[in-house]
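Each number in this note's numbering comes from the position in the sequence shown (counting from 1) with 18 added on. Since the structure comes first, as structure tokens, the remarks are kept for the end.
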Amino acid sequence: TSVVERLEAGKEHRRQVFVILSELFTNAVEHGLLGLDSSLKGGVDGFEAYMAERQRRLDALDGGHVEIGLERALIDGRAAIRIRVRDTGQGFDYGALDLAAFGQNATPYGRGILLASSLCYSLEFVGAGNEVVGYYCL
Numbered sequence: 019t020s021v022v023e024r025l026e027a028g029k030e031h032r033r034q035v036f037v038i039l040s041e042l043f044t045n046a047v048e049h050g051l052l053g054l055d056s057s058l059k060g061g062v063d064g065f066e067a068y069m070a071e072r073q074r075r076l077d078a079l080d081g082g083h084v085e086i087g088l089e090r091a092l093i094d095g096r097a098a099i100r101i102r103v104r105d106t107g108q109g110f111d112y113g114a115l116d117l118a119a120f121g122q123n124a125t126p127y128g129r130g131i132l133l134a135s136s137l138c139y140s141l142e143f144v145g146a147g148n149e150v151v152g153y154y155c156l
């Protein structure tokens with residue numbers, strides 16, 4: 019069984035945590051380990067070009083890792099799950115990240131982090147930007 023399936027939470031909560039983990043893990047791999055820029059997805063064949071470059075960089079990857087941590091927590095008196103994803107990449111300037119702008123733009127990228135943020139009670143990048151911590155309330 020998966021870690022998410024072992025959570026002592028209802029099926030809907032497990033599903034939401036899985037979505038959050040999937041988005042954060044994908045970001046850690048694609049942007050943290052592979053150094054991909056989401057703007058590559060723009061243009062007519064942007065998504066295909068992005069995926070081809072993703073595969074090329076995966077094939078050439080010779081190091082790095084992603085750490086995932088899940089633990090029970092209390093946030094403002096509510097039962098929650100603390101979700102932590104950290105990669106060994108260089109990070110990024112998360113101070114310049116504007117989640118609200120992702121929701122207003124019709125760009126073919128940024129929706130994953132917006133989705134994860136919308137499902138979490140709180141979601142924040144820490145350190146050099148290669149670590150994100152979110153709280154999902156049960």
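For each residue, glycine too, the CB sits at the ideal point set by N, CA and C.
Inset, instruction - State the Cα-Cα distance for the pair F110 and A97, rounded to the nearest angstrom. - result: 31 Å
Inset, instruction - For A46, I'd like the list of residues in its chain whose CB is within less than 7 Å of its CB, leaving aside the five on either flank, ordered along the chain. - result: Cβ within range, chain order: V84, V103 and D105.
Inset, instruction - Can you check DSSP and say which residues form a bridge with V103? - result: Note: V103 sits in a beta bridge opposite I86 and V150.
Legend entry - Touch test, the segment 27-38 against the segment 70-82, Cβ-Cβ under 8 Å, three pairs minimum: no
Legend entry - Local conformation of L52 per DSSP, three classes: coil
Inset, instruction - Pull up the distance between the alpha-carbon of T19 and that of R90, whole angstroms please. - result: With a pLDDT of 43 at T19, under the threshold of 50, the predicted position of this residue should be treated as unreliable, though the coordinate-derived value follows. Cα to Cα, the separation comes out at about 19 Å.
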